[in-house]
Amino acid sequence: MVSLKTTTIGDSLVHEVEVSRSTERLSGEPDETQVAFWLEFVLDQLDRQSSEVSVRIVGEEEIASLNAQYRGLENATNVLSFPADISVEEVEILGDIVICSQVVKLESDLYGRVFADRYAHMLIHGLLHLLGYDHLEEGARTRMEQLETDLLSRLDMGNPYE
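Every number in this note's numbering is 16 more than the matching position in the sequence shown, counting from 1.
Shown next, in the form of structure tokens:
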């Protein structure tokens with residue numbers, strides 16, 4: 017298991033991102049430092065104050081088990097979010113993001129996307145769920161997709177919905 021914990025202090029914003037992995041890193045997969053950077057960047061862009069988030073990078077078997085346990089779906093998925101919604105000592109603990117590299121890689125190939133871009137998209141998608149965004153209704157879905165697209169463009173990545 018590889019674990020990385022970063023703390024960013026910039027313009028009085030403090031974000032802690034902890035990244036751990038239970039599966040081998042795939043060729044071309046962003047490393048833990050890149051994962052933390054993307055999430056810290058998004059938290060800064062959204063003017064979030066003193067936030068903490070954990071990311072766990074897992075294989076298909078583990079994410080399928082979590083998907084079955086928490087969503088009642090018997091398949092592997094790209095990303096799951098588990099909101100915490102608590103604050104400790106002025107730090108908002110947002111929750112956990114679980115991402116499956118293999119599923120994200122399969123999707124990037126299927127959709128003709130750059131693996132790293134799809135990976136960033138799924139991390140941002142998961143983080144937005146932790147921040148209360150959803151896509152269950154048309155209006156909410158449109159707002160979430162527009163925000164994802166805007167944040168990805170700030171990272172010089174293309175629109176994932178085109």
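No residue lacks a Cβ here, since even glycine has one placed at the ideal position from N, Cα and C.
Treat the numbers as computed from the prediction; the structure is a model and nothing was measured.
request  = Consult DSSP for Ser81 and reduce its assignment to one of helix, strand or coil.
outcome  = Taking the first residue of the sequence shown as position 1, residue 81 is located at position 65. Residue state, collapsed to three classes: helix.
ask   = Would you say the stretch 101-115 touches the stretch 134-146, given that touching needs at least three Cβ pairs under 8 Å?
value = yes
ask   = Counting Cβ pairs, one atom from each stretch, are 3 or more of them under 8 Å apart for the stretch 123-138 and the stretch 68-88?
value = no
key: Separation of Gly44 from Pro176, as counted between CA atoms   = By one-based count along the sequence shown, residue 176 stands at place 160. By one-based count along the sequence shown, residue 44 stands at place 28. Cα to Cα, the separation comes out at about 19 Å.
ask   = What did DSSP end up calling Ala92 once you bin it into helix, strand or coil?
value = For the purposes of this step, residue 92 is identified with residue 76 of the sequence shown, where counting begins at 1. Here Ala92 sits in coil by DSSP.
inquiry  = Can you give me the C-alpha to C-alpha distance between Glu77 and Ala136, rounded to a whole angstrom?
reply    = Counting from one through the sequence shown, the residue named residue 77 turns up at place 61. Counting from one through the sequence shown, the residue named residue 136 turns up at place 120. In a straight line, the C-alpha of Glu77 is about 22 Å away from that of Ala136.
key: Element boundaries [beta strand (DSSP E), containing Ser70]   = Along the sequence shown, read from residue 1 onward, the residue named residue 70 stands at position 54. Ser70 -> beta strand (DSSP E) spans 67-74.
task = State the start and end residues of the unbroken beta strand (DSSP E) segment that holds Gly111.
result = Here residue 111 is taken as the residue at index 95 of the sequence shown, counted from 1. Element bounds for Gly111: 107-116.
message = If you reduce the DSSP assignment to three classes, tell me which class Val130 lands in.
response = By one-based count along the sequence shown, residue 130 stands at place 114. Three-state DSSP puts Val130 in coil, outside helix and strand.
Identified DSSP bridge partners for Pro99 = In the sequence shown, counting from the first residue as 1, residue 99 sits at position 83. DSSP, once it has assigned bridges, lists Gly111 as partnering Pro99.
key: Element boundaries [alpha helix (DSSP H), containing Glu164]   = The residue given as residue 164 occupies position 148 in the sequence shown. Glu164 -> alpha helix (DSSP H) spans 154-170.
query = In this structure, does DSSP put Arg64 in helix, strand or coil?
reply = Numbered from its first residue, the sequence shown carries residue 64 at position 48. Three-state DSSP puts Arg64 in coil, outside helix and strand.
ask   = Do the CB positions of Leu168 and Phe57 come within less than 8 Å of each other?
value = The count along the sequence shown starts at 1 and reaches residue 168 at position 152. The count along the sequence shown starts at 1 and reaches residue 57 at position 41. No, these two residues do not count as a Cβ contact at 8 Å.
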